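Residue numbering for the sequence shown follows my numbering, beginning at 33 and increasing consecutively. From the three backbone atoms N, C-alpha and C, an ideal C-beta is built for every residue, glycine too. As the structure is a computational prediction, the values presented were derived from the model and not from experiment.
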Amino acid sequence: MERPSPRALYPELCEFSPVGCLTITESGIILGANRMAAALLRASSDALMDRPLLDFIVSEDEEVYRAHVARLLETGAPQSCELRIATEEHDSFWAGLKSIVLDASDGSGKRIRTVLSDVSQRRQVEETLRAHEAQLGNAMTIAKLGYWEYDFDEDLFTFNDHFYDIFRTTAEAVGGYKMTPEDYANRFIHPDDRCLVPQEMKNAIEATDPGFSRTLEHRILFADGEVGHIAVRFFIVKDEHGRTIKTYGANQDITDRKRAEEALRQARDELEQRVEERTEELVTVNARLRDEIAERQRSEERERQLQSNLAHVDRLTTVGEMASGLAHELNQPLGAIVLRAEGLIHRFHDQGELPNELLLESLAFLADQAHRSGDLVRRMRQFAKRAEPQRTILCLADVIAEVVGLLENAIHDAGITLRVDVAPSLPPVFADKILLQQVLVNLMRNAVEAMETTLVGQRRLDVRARTNGEMLEVSVRDTGCGIPVEKAGCPDDLFGTFFSTKIEGMGMGLSIGRSIIDSHGGRIWATPNPEQGTTFTFTVPSAAQKQKR
Ligand code: ADP
């Protein structure tokens, strides 16, 4: 018994179906169309009758339809395809066709039943989706992002191709797109950072914030073994019960950036080092410059001092010359006084005149004082006359006596007690008398000046001379102010040129003294006295010793 078709059984069902239904001949002529089919083709059911379905198919897709029908007839199995339908109202839409083939009930050949639906919207969605996927792919390619997902139930990572690109390998080379966390870590994460990644993941999972995301940077191993760096940004997905179901993230190769940062850091370190070195150099150069400037200032000062000293020396020389001239001039009247006084005394004696005792005494005193003045004047003259060194055999005691004679008035006036202690029978020295006197005068004059601040009763000046081995040693000891503090550590510096603590001082006396003593083969030095004042000592070789040399 022939079974009635569903259409025959449920004609309304077919008529009001939400999809279009068409009955078509093998050659594609429409024999029947339900309401929806007519609506889709924008024509009435009647108007569709006996029209070839190809009239409603966009010409570019006709071939699709022909192939669809050919397959259907050839296989007899249901077929489906999608093509564009051009409606009677000249618009078009994408239609999905699902067809089966039946034998005609009247034996007039094959019949094709086709279900027609508008799939434009679905295709549109699919197209948009494809476009989005393409965009996402492009974005990932451009950003060089490697995508991954981790499924907690499967305990597997899934990666995309870019992921493998980053590690300079391919899915094929490592056995597919899925990998266990251990495999992933051993293969791609630097050994020192392997514990870092699970820890970060654990922190992220434990976080209560559902949209929790985290970025971390760690070292990786490229497939070729080289070490690189990646930045990983990942998200945790939880279900409605707060159970973590998935983690997904994107990896970015930051090796170049890290290397650039490292290079930058090194460059900065080097720069800082260079700046430090340069600063040190500058400080040294600065200090040197400062020293040079100070030295120049000192030498300018010395030059200025020298010039003023020279002027002073000039004046002194003039004064010396004047003194010498004056002494010469004074010699005559003094000589005349002596002559006249002595003449008178002789006359009194010769003529047997009774001399007045007082007159005789006065005349003798006059002659004596005139003699003494003459002596002084002569010595002054000798001293002031600065001649070439003239060494002779000298008795040191005489030299000392002459200097003492020259200064004793000044010493006395200054309230100083003078003691001269010359050892008996000192051997003679071979020296320039005037120069030796000059040394002594200067030492004694300094001593007098050093005692200006000493209490009057305590002012004592001791001049001693004695032998010390082959040398003769002369010391001048005072109870004065002592060696100036700035030279206390090194009294020898007192003998440098131009050191003076006196307002009018030239600072040349000791320096000249030292050159004189040096030139005689002796030595001169200063020693602070244990109780008060200073002792200046110089040595000169005895004449016998000098000859040996
Ligand atoms: P001047 O007497 O012109 O200063 P000197 O070369 O003779 O030059 O002496 C240099 C300095 O040495 C003196 O200014 C003084 O400070 C110090 N000096 C010299 N003799 C004595 C002394 N007997 N006691 C203390 N200081 C002295």
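Coil, strand or helix - residue i by DSSP
| i | result |
| --- | --- |
| Tyr-216 | helix |
| Gln-422 | coil |
| Asn-192 | coil |
| Met-540 | coil |
| Ile-556 | strand |
| Pro-84 | strand |
| Cys-522 | coil |
| Tyr-97 | helix |
| Gln-167 | helix |
| Gln-111 | strand |
| Lys-210 | strand |
| Glu-46 | A small correction: the amino acid at residue 46 is Cys; Glu does not occupy that position in the sequence shown. Here Cys-46 sits in helix by DSSP. |
| Val-90 | coil |
| Ser-532 | coil |
| Gly-437 | helix |
| Thr-566 | strand |
| Thr-571 | strand |
| Ile-221 | strand |
| Gly-406 | helix |
| Gly-178 | strand |
| Phe-267 | strand |
| Asn-388 | coil |
| Thr-202 | coil |
| Arg-477 | helix |
| Gln-383 | coil |
| Ile-448 | coil |
| Asn-561 | coil |
Cutoff 8 Å; reference residue i; Cβ partners in own chain excluding five residues on either side
| i | result |
| --- | --- |
| Arg-289 | His-261 |
| Asp-123 | Arg-74 |
| Asp-301 | none |
| Asp-82 | Ile-61, Ile-62 and Leu-63 |
6 Å CB neighbourhood of residue i in its chain, flanking five on each side removed
| i | result |
| --- | --- |
| Met-523 | The amino acid at residue 523 is misidentified as Met; the sequence shows Pro. Cβ neighbours of Pro-523 beyond the five flanking positions: Ile-515 and Ala-558. |
| Val-506 | Ala-497 and Phe-570 |
| Gly-178 | His-194, Phe-195, Ile-198 and Asn-283 |
| Thr-119 | Leu-73 and Arg-74 |
| Cys-427 | Pro-460 |
| Leu-475 | Val-508 and Phe-568 |
| Gly-64 | Thr-55 |
| Arg-418 | Note that Arg-418 scores 49 on pLDDT, short of 50, meaning its location in the model is unreliable; the coordinates nonetheless yield the value given after this. Excluding residues within five positions, none has a Cβ falling inside 6 Å. |
| Met-33 | Because the pLDDT at Met-33 is just 47, under 50, the model does not fix this residue reliably, and the value given afterwards should be weighed accordingly. Excluding residues within five positions, none has a Cβ falling inside 6 Å. |
Bridge partners - residue i, DSSP secondary structure assignment
| i | result |
| --- | --- |
| Phe-462 | Ile-425 |
| His-250 | Ile-262 |
| Asp-453 | Arg-496 |
| Asp-183 | Leu-188 and Lys-278 |
| Leu-105 | Paired residue(s): none; Leu-105 is not in a bridge. |
| Cys-513 | None; Cys-513 has no bridge partner. |
| Cys-53 | Val-147 |
| Ile-369 | Ile-369 pairs with nothing; no bridge assigned. |
| Ser-245 | Phe-267 |
Residues of its chain near residue i, where Cβ-Cβ distance is below 7 Å and the 5 sequence neighbours each way are ignored
| i | result |
| --- | --- |
| Val-51 | Met-68, Val-147, Leu-148 and Ser-149 |
| Arg-103 | Gln-111 |
| Asn-66 | Cys-46, Glu-47, Ser-49, Gly-52 and Cys-53 |
C-beta neighbour in chain D for residue i, strict 9 Å
| i | result |
| --- | --- |
| Thr-146 | In summary, chain D is missing from the structure at hand, where a single protein chain is found. |
Can you list the beta strand (DSSP E) stretches of 3 or more residues lying completely in the segment 480 to 510, in chain order?
DSSP runs (the beta strand (DSSP E)) wholly in the segment 480 to 510: 492 to 500 and 503 to 510.
Inspect the CB distances between the segment 476 to 484 and the segment 508 to 520 and report whether three or more fall short of 8 Å.
yes
If you pair each beta-carbon of the segment 518 to 530 with each one of the segment 538 to 546, do three or more pairs fall below 8 Å?
Between the segment 518 to 530 and the segment 538 to 546, the count of C-beta pairs closer than 8 Å reaches three or more; the two stretches touch.
Mind the definition here: the segment 154 to 171 touches the segment 131 to 141 only if three or more C-beta pairs lie below 8 Å; say whether that holds.
no
At a cut of 8 Å, does the segment 208 to 215 reach the segment 181 to 196 through at least three beta carbon pairs?
yes
Taking contact to mean 3 or more Cβ pairs, one atom from each stretch, closer than 8 Å, check whether the segment 567 to 576 and the segment 462 to 477 are in contact.
yes
Within the segment 114 to 170, note down every full beta strand (DSSP E) run reaching 3 residues or more, in order along the chain.
124 to 135 and 142 to 150
Is the number of C-beta pairs between the segment 419 to 439 and the segment 495 to 502 that are closer than 8 Å three or more?
yes
Return the chain-ordered ranges of every beta strand (DSSP E) run that is complete within the segment 55 to 84 and spans a minimum of 3 residues.
62 to 65
So, does the segment 52 to 67 touch the segment 82 to 102, judging by three or more C-beta pairs under 8 Å?
yes
To test your reading of the DSSP string, which unbroken beta strand (DSSP E) runs of 3 or more residues are found completely within the segment 269 to 333?
276 to 285
Counting pairs of Cβ atoms below 8 Å between the segment 394 to 405 and the segment 362 to 371, do you hit three or more?
yes
Please confirm if the segment 309 to 325 is in contact with the segment 196 to 206, defined as three or more CB-CB distances below 8 Å between the two stretches.
no
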